[in-house]
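Q: Take this structure first; my questions come after.
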Amino acid sequence: MSSAHVVVPVRLYVTIWLALVVGTAVTVLAAHQDFGRLNTPIALGIAVTKASLVVLFFMGVRSNTSLTKVVVIAGFFWLFILFGLGMSDYLSRPWLGVPGR
Amino acid sequence: MHQVVSTPVRQSYLDAPYGVAAWLLTKDHKRIAVLYMISIAIMFSLGAVFAAGVRAELLTPKGDLLSADMYNKLFTMHGVVMVFFFLVPSIPATLGNFLIPIMCGTKDLAFPRINLLSWYLYIIGGLIVLATAVNGGLDTGWTFYTPYSSQSSPTNVTVAVFGVFVAGFSSILTGFNFIVTVHRMRAPGLTWFRLPLFVWAHYATSLVMILGTPVIAITVLLVGLERALHLGIFDPKVGGDPVLMQHLFWFYSHPAVYIMILPGMGVISELVAAVSRKQIFGYGFVAFSSLAIAVIGFLVWGHHLFLSSQSIYAGLVFSFISMLVAVPSAVKTFNWTATMYKGSVTWESPTYFVIGFMGLFTIGGLTGLFLATMGMDVALHDTYFVIAHFHYIMVGGAVMAFMGGLHFWWPKMFGKLYPEAWAKACAILIFIGFNLTFFPQFVLGYLGMPRRYYSYPDELQVWNVLSTAGATILGLGYILPMIYLTYSLFKGANAPANPWGAKGLEWTTASPPPTFNFEAPVVVDEPAYNYRPSGEVIVG
Amino acid sequence: MLTGQDMIGHADHPHHPRLQHHFYSMEQQLEASILGMWVFLVTEIMFFGGLFMAYIVYRTAYPEAWMASSHELNVYMGGANTLVLICSSLTMALAVRSAQIGSRRGQIINLILTIVFGVTFLVVKYFEYKAKFDHGLVPGPHWDPHEVLANGSLAPLSLPLGSQIFFSLYFIMTGIHAAHMVAGVVLMLIILVMAWKGRFSADYYGPVEISGLYWHFVDIVWIFLFPLLYLLGFHFGGPPV
Numbered sequence: 001m002s003s004a005h006v007v008v009p010v011r012l013y014v015t016i017w018l019a020l021v022v023g024t025a026v027t028v029l030a031a032h033q034d035f036g037r038l039n040t041p042i043a044l045g046i047a048v049t050k051a052s053l054v055v056l057f058f059m060g061v062r063s064n065t066s067l068t069k070v071v072v073i074a075g076f077f078w079l080f081i082l083f084g085l086g087m088s089d090y091l092s093r094p095w096l097g098v099p100g101r
Numbered sequence: 102m103h104q105v106v107s108t109p110v111r112q113s114y115l116d117a118p119y120g121v122a123a124w125l126l127t128k129d130h131k132r133i134a135v136l137y138m139i140s141i142a143i144m145f146s147l148g149a150v151f152a153a154g155v156r157a158e159l160l161t162p163k164g165d166l167l168s169a170d171m172y173n174k175l176f177t178m179h180g181v182v183m184v185f186f187f188l189v190p191s192i193p194a195t196l197g198n199f200l201i202p203i204m205c206g207t208k209d210l211a212f213p214r215i216n217l218l219s220w221y222l223y224i225i226g227g228l229i230v231l232a233t234a235v236n237g238g239l240d241t242g243w244t245f246y247t248p249y250s251s252q253s254s255p256t257n258v259t260v261a262v263f264g265v266f267v268a269g270f271s272s273i274l275t276g277f278n279f280i281v282t283v284h285r286m287r288a289p290g291l292t293w294f295r296l297p298l299f300v301w302a303h304y305a306t307s308l309v310m311i312l313g314t315p316v317i318a319i320t321v322l323l324v325g326l327e328r329a330l331h332l333g334i335f336d337p338k339v340g341g342d343p344v345l346m347q348h349l350f351w352f353y354s355h356p357a358v359y360i361m362i363l364p365g366m367g368v369i370s371e372l373v374a375a376v377s378r379k380q381i382f383g384y385g386f387v388a389f390s391s392l393a394i395a396v397i398g399f400l401v402w403g404h405h406l407f408l409s410s411q412s413i414y415a416g417l418v419f420s421f422i423s424m425l426v427a428v429p430s431a432v433k434t435f436n437w438t439a440t441m442y443k444g445s446v447t448w449e450s451p452t453y454f455v456i457g458f459m460g461l462f463t464i465g466g467l468t469g470l471f472l473a474t475m476g477m478d479v480a481l482h483d484t485y486f487v488i489a490h491f492h493y494i495m496v497g498g499a500v501m502a503f504m505g506g507l508h509f510w511w512p513k514m515f516g517k518l519y520p521e522a523w524a525k526a527c528a529i530l531i532f533i534g535f536n537l538t539f540f541p542q543f544v545l546g547y548l549g550m551p552r553r554y555y556s557y558p559d560e561l562q563v564w565n566v567l568s569t570a571g572a573t574i575l576g577l578g579y580i581l582p583m584i585y586l587t588y589s590l591f592k593g594a595n596a597p598a599n600p601w602g603a604k605g606l607e608w609t610t611a612s613p614p615p616t617f618n619f620e621a622p623v624v625v626d627e628p629a630y631n632y633r634p635s636g637e638v639i640v641g
Numbered sequence: 642m643l644t645g646q647d648m649i650g651h652a653d654h655p656h657h658p659r660l661q662h663h664f665y666s667m668e669q670q671l672e673a674s675i676l677g678m679w680v681f682l683v684t685e686i687m688f689f690g691g692l693f694m695a696y697i698v699y700r701t702a703y704p705e706a707w708m709a710s711s712h713e714l715n716v717y718m719g720g721a722n723t724l725v726l727i728c729s730s731l732t733m734a735l736a737v738r739s740a741q742i743g744s745r746r747g748q749i750i751n752l753i754l755t756i757v758f759g760v761t762f763l764v765v766k767y768f769e770y771k772a773k774f775d776h777g778l779v780p781g782p783h784w785d786p787h788e789v790l791a792n793g794s795l796a797p798l799s800l801p802l803g804s805q806i807f808f809s810l811y812f813i814m815t816g817i818h819a820a821h822m823v824a825g826v827v828l829m830l831i832i833l834v835m836a837w838k839g840r841f842s843a844d845y846y847g848p849v850e851i852s853g854l855y856w857h858f859v860d861i862v863w864i865f866l867f868p869l870l871y872l873l874g875f876h877f878g879g880p881p882v
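Residue numbers (this note's numbering), protein chains in the order written: chain A, 1 to 101; chain B, 102 to 641; chain C, 642 to 882.
Listed below in structure tokens is the structure:
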């Protein structure tokens with residue numbers, strides 16, 4: 001069952017649009033505040049929320065087949081493999097206790 | 102094998118429409134496979150010529166035949182051409198393109214025009230890289246490590262990496278076509294567990310192509326941008342890290358080796374079942390092992406960085422996971438052997454290639470474990486041991502499988518039978534030549550000879566001479582099929598629909614197949630490799 | 642349902658004029674196209690992913706350079722562009738919806754709006770880049786950072802080690818993103834021409850849908866680029882973010 005048969009009402013699209021605009025404003029305001037180490041997770045959290053709204057509603061994944069959903073999730077998951085295992089190198093380099101490393 | 106001579110009366114995909122334009126603008130996956138086959142054969146020959154130059158120089162301990170610069174360019178071009186323009190596309194773009202729609206019981210791939218585009222991108226990328234070859238060459242090694250490639254190399258790196266970039270998209274388009282085809286275009290009744298293992302293997306390969314190739318695309322783009330615009334991503338002077346380039350490069354290039362071997366494993370599954378006339382032992386295990394190799398293969402790239410400044414702790418993790426990735430490959434090898442055990446094995450030419458593959462792939466795979474052990478790798482990194490290991494897998498494994506598949510499906514693709522005796526001789530010649538070329542290289546690596554060097558200590562000469570002698574025999578082994586296979590096109594006997602008596606949708610249609618693959622719509626109601634339909638319970 | 646006619650090639654059987662012959666139904670064709678576009682977008686995720694990996698590595702290594710350099714970016718232009726792209730995503734979604742319900746007028750209006758937003762983005766980007774060039778914030782041989790003082794004059798600016806890399810990544814990431822926007826605008830022009838000719842209807846709107854998927858994806862990349870590049874510079878001189 002693809003999004004082929006689902007016509008989304010205009011009202012829903014406009015609501016999502018509003019949410020995205022508000023999200024942008026919130027992210028700019030939050031960046032002006034000093035939350036210390038939390039600034040980055042907050043910014044990323046808002047960005048992920050906005051991206052999810054676009055993926056689910058504007059791109060119609062909410063009503064796509066399970067296969068499409070798996071493809072989307074797999075794509076982002078693979079990114080985490082690159083980031084995670086890659087950063088495991090950089091973050092563990094200082095553990096050796098060798099000066100200059 | 103039947104020797105029935107039948108005169109083909111129906112039009113096959115080879116017959117109509119005629120003309121150069123009809124081939125160069127075709128949307129037929131079978132014609133595109135043939136176009137790829139010709140281009141890949143040309144690239145392979147070029148890569149072999151570069152290798153011949155390397156091996157000729159290494160006959161003597163001193164660097165006396167070629168200048169150091171020329172030697173650097175030869176081994177670089179050998180690597181770039183063989184990896185990006187031969188091994189990565191080889192089986193998927195030729196046998197995969199030809200067979201996957203047929204094995205799925207459908208008329209074509211999901212996106213035929215994109216399939217043609219992928220061939221054009223391959224050609225364009227190839228021409229760009231070859232232009233570099235004649236215009237100053239390339240001397241960075243196929244691995245393009247920074248900062249040499251992005252700053253100091255006097256050769257035309259920027260153009261060369263652009264050629265690789267374009268060729269990468271060729272690979273991505275092939276993979277994307279296969280994924281959508283296998284998901285959405287299987288014939289009625291053809292469930293996933295009734296698919297031939299060739300299809301499973303190519304599906305897994307396509308996952309790797311989709312998820313990995315874009316990363317090397319961005320990596321070579323960054324190298325090119327750094328070189329052309331001095332943007333300094335990997336430049337230590339402005340705080341850049343050359344090892345980051347290695348991380349990004351190997352994130353693709355390690356899974357790339359699975360792009361090269363998985364299709365070969367798919368071919369071997371088909372050949373083993375056919376020559377043993379038996380259901381593949383542990384079909385489900387073999388199918389899932391392809392997926393396991395594809396996924397785990399993405400988690401091991403750091404084993405190429407053991408001797409960079411990568412952290413030892415990350416190295417430990419990569420080392421351990423690299424051991425794990427050997428397990429699914431071993432599963433396949435055990436299952437193929439178990440299939441042949443108590444099967445009705447006949448000694449036809451594909452059988453020779455299968456046996457050759459099993460032996461050489463096993464040696465190659467086991468030596469990979471030596472290298473995955475971080476402590477051993479400290480001694481073996483960048484020696485001939487590494488070269489021997491990957492040639493055992495890529496040439497002894499993937500190319501052997503490619504040859505086996507080419508022979509096995511040749512009658513189907515072209516409707517002609519090749520001379521069996523010559524094919525068997527070719528398989529034996531390749532096996533002997535290959536071992537003579539590359540086994541001495543394990544010894545050389547153990548004795549400490551570094552790779553990419555054109556001179557070496559005098560006492561290592563005997564091994565190098567053996568290796569070059571072997572290379573000559575190996576070269577002969579590859580030239581032979583180019584002759585007798587081409588000969589068969591003109592003078593070979595006509596092939597029946599099923600010359601091997603094998604099970605599989607491709608053997609139910611004519612040799613060569615009609616343009617739309619089947620005369621009647623396909624409905625599947627039996628498992629794959631259904632060699633003993635009477636009474637026996639076969640899962641699937 | 643597959644019939645013998647389907648297998649033998651072009652025969653006179655009734656089917657939608659836009660059905661490609663290796664598919665047996667419009668539904669299958671649309672599903673294959675959507676799956677295909679998503680698989681392609683996964684490759685784009687990994688393509689940009691390599692750049693984000695470089696960003697993460699270097700930001701971890703050079704947090705001060707990241708804050709100081711981000712401070713030099715124009716938040717107003719970046720923010721305006723973010724809003725422009727969000728609006729373009731709305732009009733794109735509405736364009737697909739118009740095709741789904743067969744409204745030619747709706748398609749044309751929304752596609753034109755989408756294109757206008759896209760071009761606006763690129764124009765703002767041009768001015769943004771021009772300012773960077775004027776202030777010497779271009780990595781490489783022409784690296785000569787300057788900042789604009791309160792009285793409007795330019796003064797040399799000293800940026801920490803790693804700032805050139807920030808700006809390299811800034812130009813490469815936003816530049817590749819802009820190249821994708823250009824491709825998107827061209828794609829939308831093609832779709833607009835087809836919509837103008839009345840090609841799309843409730844039975845056949847696949848090209849609009851998959852072009853929309855591409856457009857939304859390019860928007861999503863910007864949704865991440867904006868906070869990660871532009872919004873780090875407000876606590877410059879304070880604790881690392």
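C-beta atoms are modelled at their ideal positions from N, C-alpha and C, and glycine is treated no differently.
Given a threshold of 16 other Cβ atoms within 10 Å of its Cβ, counted over all protein chains shown, does E327(B) qualify as buried or as exposed?
A: Buried: at least 16 other Cβ atoms inside 10 Å.
Q: Closest Cβ-Cβ distance between P213(B) and chain C: below 8 Å?
A: Answer yes: the Cβ-Cβ gap between P213(B) and chain C drops below 8 Å somewhere.
Q: Out of curiosity, what's the CA-to-CA distance linking S230(B) and R37(A)?
A: First, the amino acid is wrong: residue 230(B) is Val here, not Ser. Those two C-alpha atoms are separated by around 47 Å.
Q: Alpha carbons only, please: which of V22(A), I42(A) and A19(A) is nearest the one belonging to A30(A)?
A: Nearest C-alpha to A30(A): I42(A).
Q: If you check the beta carbons only, do G341(B) and I864(C) fall under 8 Å apart?
A: Contact: no.
Q: Do the stretch 663-683 of chain C and the stretch 62-80 of chain A touch if we need at least three Cβ pairs shorter than 8 Å?
A: Flag = yes, the stretch 663-683 of chain C and the stretch 62-80 of chain A touch.
Q: Smallest Cα separation from G781(C): which of F350(B), P337(B), L217(B) and W351(B)?
A: Among F350(B), P337(B), L217(B) and W351(B), the Cα nearest to that of G781(C) is on P337(B).
Q: Return the residues of the stretch 44-75 of chain A that lie within a Cβ-Cβ distance of less than 9 Å from chain C, sorted by chain order.
A: Residues passing the 9 Å Cβ filter: L44, I46, A47, V48, K50, A51, V54, V55, F57, F58, M59, G60, V61, N64, T65, L67, T68, V71, V72, A74 and G75.
Q: Kindly confirm or deny that the stretch 770-789 of chain C and the stretch 298-310 of chain B touch, where touching means at least three C-beta pairs closer than 8 Å.
A: Flag = no, the stretch 770-789 of chain C and the stretch 298-310 of chain B do not touch.
Q: For W95(A), go through chain C and note every residue whose CB falls closer than 7 Å to its CB, in chain order.
A: Near W95(A) there are no residues of chain C at all, since even the closest Cβ is about 15 Å away, more than 7 Å.
Q: Below 8 Å on the Cβ atoms is my guess for Y519(B) versus G457(B); work out the distance and round it to an integer in Å.
A: Actually they are not in contact, since the Cβ atoms of Y519(B) and G457(B) sit about 17 Å apart, beyond 8 Å.
Q: Can at least three beta-carbon pairs, one atom from the stretch 342-350 of chain B and one from the stretch 682-698 of chain C, be found at a separation below 8 Å?
A: Result yes; three or more Cβ-Cβ pairs closer than 8 Å.
Q: Excluding the 5 residues flanking A47(A) on each side, which residues of the same chain have their C-beta closer than 6 Å to its C-beta?
A: Nothing meets the Cβ criterion.
Q: With 8 Å set as the bound, which would you pick, yes or no: does the beta-carbon of L854(C) sit closer than that to a beta-carbon of chain B?
A: Answer no: the Cβ-Cβ gap between L854(C) and chain B never drops below 8 Å.
Q: According to DSSP, is N595(B) part of a helix, a strand, or is it coil?
A: Strand at N595(B).
Q: At the level of alpha carbons, what is the spacing between G398(B) and V823(C)?
A: Between G398(B) and V823(C), the C-alpha separation is close to 35 Å.
Q: For chain C, find out if any of its Cβ atoms is closer than 8 Å to the Cβ of T15(A); answer yes or no.
A: It does not: the Cβ of T15(A) has no partner Cβ on chain C nearer than 8 Å.
Q: Please report whether the beta-carbon of L82(A) lies at a distance below 8 Å from any beta-carbon of chain C.
A: Yes, its Cβ sits closer than 8 Å to a Cβ of chain C.
Q: Check whether chain B comes within 8 Å of L12(A), counting only Cβ atoms and requiring the distance to be less than that.
A: L12(A) does not count as touching chain B.
Q: Over what stretch of residues does the beta strand (DSSP E) that includes V182(B) continue unbroken?
A: V182(B) -> no beta strand (DSSP E), and no H or E assigned at all.
Q: P512(B) lies in the beta strand (DSSP E); which residues open and close that run?
A: Unbroken run through P512(B) is the alpha helix (DSSP H), M501 to F515; no beta strand (DSSP E).
Q: Just the chain C side, please: which residues come within less than 9 Å of I574(B) by C-beta, in chain order?
A: In chain order: nothing, as chain C lies at least about 41 Å away.
Q: Please say whether I742(C) and K836(C) have beta carbons closer to each other than 8 Å?
A: It should be noted that the sequence gives Ala, not Lys, for residue 836(C). For A836(C) and I742(C), no; Cβs fall outside 8 Å.
Q: Just verifying my parser: in three-state terms, what is the DSSP assignment at P337(B)?
A: The answer is helix: DSSP assigns P337(B) an H, G or I state.
Q: To which residues of the same chain is L763(C) closer than 8 Å at the C-beta, ignoring the five residues directly before and after it?
A: Excluding residues within five positions, the ones whose Cβ falls inside 8 Å are A819, M822, V823 and V826.
Q: Does the beta-carbon of F77(A) have 16 or more other beta-carbons within 10 angstroms, so that it is buried, or is it exposed?
A: Under this definition F77(A) is an exposed residue.
Q: Excluding the five sequence neighbours on either side, which residues of its own chain have a C-beta within less than 7 Å of the C-beta of L567(B), listed in chain order?
A: So the qualifying residues of the chain are L537 and P541.
Q: For the stretch 822-833 of chain C, which residues have a CB atom closer than 8 Å to at least one CB atom of chain A, in sequence order?
A: Flagged: no residues at all.
Q: If you draw a straight line from the C-alpha of I413(B) to the C-alpha of L96(A), how long is it?
A: The alpha-carbon atoms of I413(B) and L96(A) are separated by roughly 8 Å.
Q: Relative to chain C, which residues along the stretch 283-305 of chain B have a C-beta separation below 9 Å, given in chain order?
A: Cβ contacts with chain C: H284, R285, M286, A288 and P289.
Q: Helix, strand or coil for T468(B), going by three-state DSSP, please let me know.
A: T468(B) falls in the helix class under three-state DSSP.
Q: For Y845(C), which residues does DSSP report across the bridge?
A: According to DSSP, which records beta bridges pairwise, Y845(C) is partnered with S842(C).
Q: Below 8 Å on C-beta distance, what does S666(C) contact in chain E?
A: Given the protein chain composition of this structure (A, B and C), no chain E is represented.
Q: Using 8 Å as the threshold, is the C-beta distance between L434(B) and T463(B) below it?
A: In the sequence under discussion, the amino acid at residue 434(B) is Thr, which differs from the Leu named in the question. Against a cut-off of 8 Å, the Cβ pair of T463(B) and T434(B) comes out as a contact.
Q: L400(B) CB to nearest chain A CB: under 8 Å?
A: With 8 Å as the cut-off, L400(B) counts as an interface residue toward chain A.
Q: Run through chain C and tell me which residues come within less than 7 Å of L20(A), C-beta to C-beta.
A: In chain order: I727.
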